[in-house]
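Quick note: to get our numbering, add 4 to the position in the sequence shown (first position is 1).
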Amino acid sequence: MAIILRFVDEDGFIRERFFHIVHVKDTTASTLKKEVCSILSRHDLHVENIRGQGYDGASNMRGEWNGLQSLFRQDCPYAYYVHCMAHRLQLALVTSSREVKLVHNFFTSLTTIINIVVSSTKRHDELQDAQALKIKDMISSNKIKTKKGGNQIGTLQRAGDTRWGSHFQSICSLLKMHTATSIVLNNVSEGGKNFSKRAEAEKAYLTLNSFEFAFTLHFMKQIMEITDVLCKALQQKSQDIVNAMHLVSTTKLLLQQLRDDGWKPLLENVITFCTSNAIEIPDMNSKYFSAQ
Numbered sequence: 005m006a007i008i009l010r011f012v013d014e015d016g017f018i019r020e021r022f023f024h025i026v027h028v029k030d031t032t033a034s035t036l037k038k039e040v041c042s043i044l045s046r047h048d049l050h051v052e053n054i055r056g057q058g059y060d061g062a063s064n065m066r067g068e069w070n071g072l073q074s075l076f077r078q079d080c081p082y083a084y085y086v087h088c089m090a091h092r093l094q095l096a097l098v099t100s101s102r103e104v105k106l107v108h109n110f111f112t113s114l115t116t117i118i119n120i121v122v123s124s125t126k127r128h129d130e131l132q133d134a135q136a137l138k139i140k141d142m143i144s145s146n147k148i149k150t151k152k153g154g155n156q157i158g159t160l161q162r163a164g165d166t167r168w169g170s171h172f173q174s175i176c177s178l179l180k181m182h183t184a185t186s187i188v189l190n191n192v193s194e195g196g197k198n199f200s201k202r203a204e205a206e207k208a209y210l211t212l213n214s215f216e217f218a219f220t221l222h223f224m225k226q227i228m229e230i231t232d233v234l235c236k237a238l239q240q241k242s243q244d245i246v247n248a249m250h251l252v253s254t255t256k257l258l259l260q261q262l263r264d265d266g267w268k269p270l271l272e273n274v275i276t277f278c279t280s281n282a283i284e285i286p287d288m289n290s291k292y293f294s295a296q
């Protein structure tokens, strides 16, 4: 368990410092409180002087009756609990995204694709070799320019279940390495160890190179470029409530603008991407029949 202190220094400035890390036998609220109190007492810091607590949303931390924050409030009524706002935003975004079938299926497929490609050292090496070759070809054809620290190969980023920002990194890494990822999946689908591995890779390959996946990939990138700014801002030590509320309002405005005026440029970007990656583009003027 990590303990971080936020305090007011002798000059009246708010400071935040890493304080201690301690091993706990279990994560019950009573055990955590005992360990925290022990550390504070060791440094002659008193619980009755606490004026705030900040944890994530786990029940053992935020529980109204038996959570850690509640136990401290019993000893110090002024130790007000605040659920980390950045974490609350992350949870809200992840939960809401799972309520939309298209988005839920997209992130499920995204996780599967990345896991297949980076699950072994051999495939990871193939991925980086393919990406290095792509970068070399793009430089030779003057599609990109060389620069110090630029054109690094990189890798695919796995996403965490409750960390919305990590999903954004996954999307960006896949967009950057789409061609290389497609090559690796195709290789596995043709030369995997067994039928199960080959079938799984082929399904992932077909998904990766579908218009629906490409569209959702770009769509979610545009949304998350906006929300990621807010997520990072809420984690800054210098953040205050007035500026935070302004950032929330700005984020809502940008999302509304994307909704009102973002369709045409989004579709153009997707079509350009699909054309360059040989992904079949459906006829937008044909009749659409909903599945029964």
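Backbone N, C-alpha and C define an ideal beta-carbon position, used for all residues, glycine too.
{"Check": "Rounded straight-line distance, which links the Cα of residue 141 to that of residue 278", "Outcome": "19 Å"}
{"Check": "Proximity to residue 179 [Cα-Cα], best of 287, 225 and 200", "Outcome": "225"}
{"Check": "Residue 67 in three-state terms, based on DSSP", "Outcome": "coil"}
{"Check": "Bridge-paired residues (DSSP) for residue 87", "Outcome": "59"}
{"Check": "Beta-ladder partner(s) of residue 12, from DSSP", "Outcome": "18"}
{"Check": "Sequence-distant residues of the same chain with beta carbon closer than 8 Å to residue 175, five excluded per side", "Outcome": "114, 221, 224, 225 and 228"}
{"Check": "Residue 148 in three-state terms, based on DSSP", "Outcome": "coil"}
{"Check": "Where residue 232 falls, given that 16 or more other Cβ within 10 Å makes a residue buried", "Outcome": "buried"}
{"Check": "Bridge-paired residues (DSSP) for residue 25", "Outcome": "6"}
{"Check": "Delimiting residues of the alpha helix (DSSP H) encompassing residue 80", "Outcome": "Per DSSP, residue 80 belongs to no alpha helix (DSSP H) and is neither H nor E."}
{"Check": "Coarse secondary structure for residue 159, derived from DSSP in three states", "Outcome": "coil"}
{"Check": "Assumed close pair residue 83, residue 92 - CB separation to whole angstroms, cut-off 8 Å", "Outcome": "The Cβ separation is near 19 Å, so there is no contact."}
{"Check": "Separation of residue 273 from residue 13, as counted between CA atoms", "Outcome": "51 Å"}
{"Check": "Beta strand (DSSP E) segments (min. 3 residues) lying fully within the region 249 to 293", "Outcome": "none"}
{"Check": "Residue range of the alpha helix (DSSP H) that includes residue 230", "Outcome": "215 to 238"}
{"Check": "Closest residue to residue 73 among 137, 36, 181 and 44 (Cα-Cα distance)", "Outcome": "36"}
{"Check": "Straight-line gap, residue 31 to residue 38 (C-alpha atoms, nearest Å)", "Outcome": "11 Å"}
{"Check": "Distance, residue 139 Cα to residue 148 Cα", "Outcome": "8 Å"}
{"Check": "Option nearest residue 187 by Cα separation, candidates 137, 217 and 197", "Outcome": "137"}
{"Check": "Cα-Cα separation between residue 214 and residue 275, rounded to whole angstroms", "Outcome": "12 Å"}
{"Check": "Cβ-based burial, residue 292 [other Cβ within 10 Å; buried from 16]", "Outcome": "exposed"}
{"Check": "Cβ neighbours of residue 202 in the same chain (closer than 6 Å, five flanking residues each side left out)", "Outcome": "193 and 196"}
{"Check": "Supposed close pair residue 169, residue 94 - CB separation, criterion 8 Å", "Outcome": "7 Å"}
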